[in-house]
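Here the protein sequences line up with chains F and X, keeping their order.
If you use the working numbering, the first sequence corresponds to residues 1 to 132, in order.
If you use the working numbering, the second sequence corresponds to residues 1 to 132, in order.
Every residue, glycine too, gets a C-beta built ideally from N, C-alpha and C.
Keep in mind that this is a model prediction, so the values were computed, not measured.
2 protein chains.
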Amino acid sequence: MESSANEFLRGTLKTIILKLLTEQRPASDELSGVSFTRQGRMYGYEITQAVKERTKGEITLSFGALYPVLHKLEQEGLLTTETEEVEGRLRKYYTLTPQGTQVAVQKVSDFERFMDTMRHLLQLPVNLATGH
Amino acid sequence: MESSANEFLRGTLKTIILKLLTEQRPASDELSGVSFTRQGRMYGYEITQAVKERTKGEITLSFGALYPVLHKLEQEGLLTTETEEVEGRLRKYYTLTPQGTQVAVQKVSDFERFMDTMRHLLQLPVNLATGH
DNA sequence: ATTTATATATAAGATTACGATATATATAAT
DNA sequence: ATTATATATATCGTAATCTTATATATAAAT
Chain F
1 MESSANEFLR GTLKTIILKL LTEQRPASDE LSGVSFTRQG RMYGYEITQA
51 VKERTKGEIT LSFGALYPVL HKLEQEGLLT TETEEVEGRL RKYYTLTPQG
101 TQVAVQKVSD FERFMDTMRH LLQLPVNLAT GH
Chain X
1 MESSANEFLR GTLKTIILKL LTEQRPASDE LSGVSFTRQG RMYGYEITQA
51 VKERTKGEIT LSFGALYPVL HKLEQEGLLT TETEEVEGRL RKYYTLTPQG
101 TQVAVQKVSD FERFMDTMRH LLQLPVNLAT GH
């Protein structure tokens, strides 16, 4: 049985992945040791965990769904990859290209608009109670 | 090129159709001429027009998408049909079964929850400005 | 006459997401 | 020693879903 959240996930995966990658994340210069923030760089497993944590387990991004999307985004020129060895294992980091950043912003905005349209279509109230 | 609204439509079609059918609509007793309201009864073409009008053309439900869903919902016992001749043409009306009404309510509620989750995941503000 | 609007429906094809599976290392518990 | 858990990438087959194109037909409008 498909979870009720994942039923609606169809079509939003790209948007979720691109948005997560736009976020500023802590980093450090390995030579100088100086800490700073920079635009995201995430590896596959990390993305699935981030989605799980933020949605308190409501949305589960399976690997079978994730990797095909990552590969497609890379193919489309929205992501680049760098593979690094971390603790004996290879880890593949994904980073947004400038075009990827642009598409990410566009897609999030499109999704907001879609939610408004759906709220109207389904005659749903604007949600004040659960404001974050 | 796929419209940005329709990109996110996947997974929401059943919910939209079921919800529209839950709505009270004007009707009349053909014998007595008395007007009243009753739970929806819509035909396919009417559904596509209702979606188009309410979303100001942002969401377009194609027939190729609509009919398979209607047939499936009927098969699943959520809808029943009655065919009538109107102005020389056959028209097929779809009505919710009691189970269909139940599923409709559940799906709309699931979708609201999904939107909340997505708003959180994408760090979107609660939308006050466009409240309907 | 022809186009537009109304109306139902199927077929072909592409896309998408999921479950299962394979591979591999590291660590913690039994 | 073995088992389990967590981390990590990736493919394959399948099922479901959606898009586009097509067929059919009537009525009204131009």
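Next item on the list: Please confirm if L121 of chain X has its CB atom under 8 Å from at least one CB of chain F.
Entry: At least one CB atom of chain F sits nearer than 8 Å to the CB of L121 of chain X.
Note to self: Shorter than 7 Å, the distance from the beta carbon of I16 of chain F to the closest heavy atom of the ligand MN, or not?
What the structure shows: Among the components modelled here there is no ligand, and therefore nothing to report on the ligand MN.
Next item on the list: Determine the chain X residues that contact I47 of chain F at a beta-carbon separation under 7 Å, and present them in chain order.
Entry: Within 7 Å Cβ-Cβ: nothing; I47 of chain F doesn't reach chain X, min ~12 Å.
Checklist line | Helix, strand or coil at V103 of chain F according to DSSP, with G and I counted as helix | finding: If DSSP states are grouped into helix, strand and coil, V103 of chain F belongs with the helices.
Item checked: Extent of the continuous beta strand (DSSP E) to which K92 of chain F belongs -> 89 to 96 is the span of the beta strand (DSSP E), which, as asked, contains K92 of chain F.
Next item on the list: Answer yes or no: does any C-beta atom of chain X fall closer than 8 Å to that of S4 of chain F?
Entry: It does: the Cβ of S4 of chain F has a partner Cβ on chain X nearer than 8 Å.
Check: Does the beta carbon of L21 of chain X sit closer than 8 Å to a beta carbon anywhere in chain F?
Finding: Not an interface residue.
Check: Does the separation of the CB atoms of H120 of chain F and T15 of chain X fall below 8 Å?
Finding: Not in contact: H120 of chain F and T15 of chain X (Cβ atoms no closer than 8 Å).
Checklist line | Cβ separation of I79 of chain F and L73 of chain F, assumed to be a contact under 8 Å, to the nearest whole Å | finding: Looking at the sequence shown, residue 79 of chain F is not Ile but Leu. L79 of chain F to L73 of chain F, Cβ: 5 Å. Contact.
Check: Which chain X residues are close to V108 of chain F, counting only those with a beta carbon under 8 Å from its beta carbon?
Finding: Neighbours of V108 of chain F across chain X, judged by C-beta separation under 8 Å: L122, L124.
Check: Which residues of chain F have a Cβ atom closer than 9 Å to the Cβ of E59 of chain X, listed in chain order?
Finding: Checking the displayed sequence, the identity of residue 59 of chain X turns out to be Ile instead of Glu. Going along chain F in sequence order, the residues near I59 of chain X (Cβ under 9 Å) are F114, T117, M118, L121.
Notebook entry, point to check: My guess is that G44 of chain F and L70 of chain F are in contact by the Cβ rule of under 8 Å, so how many angstroms apart are they, rounded?
Noted result: With a beta-carbon spacing of about 6 Å, G44 of chain F and L70 of chain F fall inside the 8 Å limit used to define contacts.
Next item on the list: May I ask which residues mark the beginning and end of the beta strand (DSSP E) holding V86 of chain F?
Entry: Its beta strand (DSSP E) spans residues 79 to 86.
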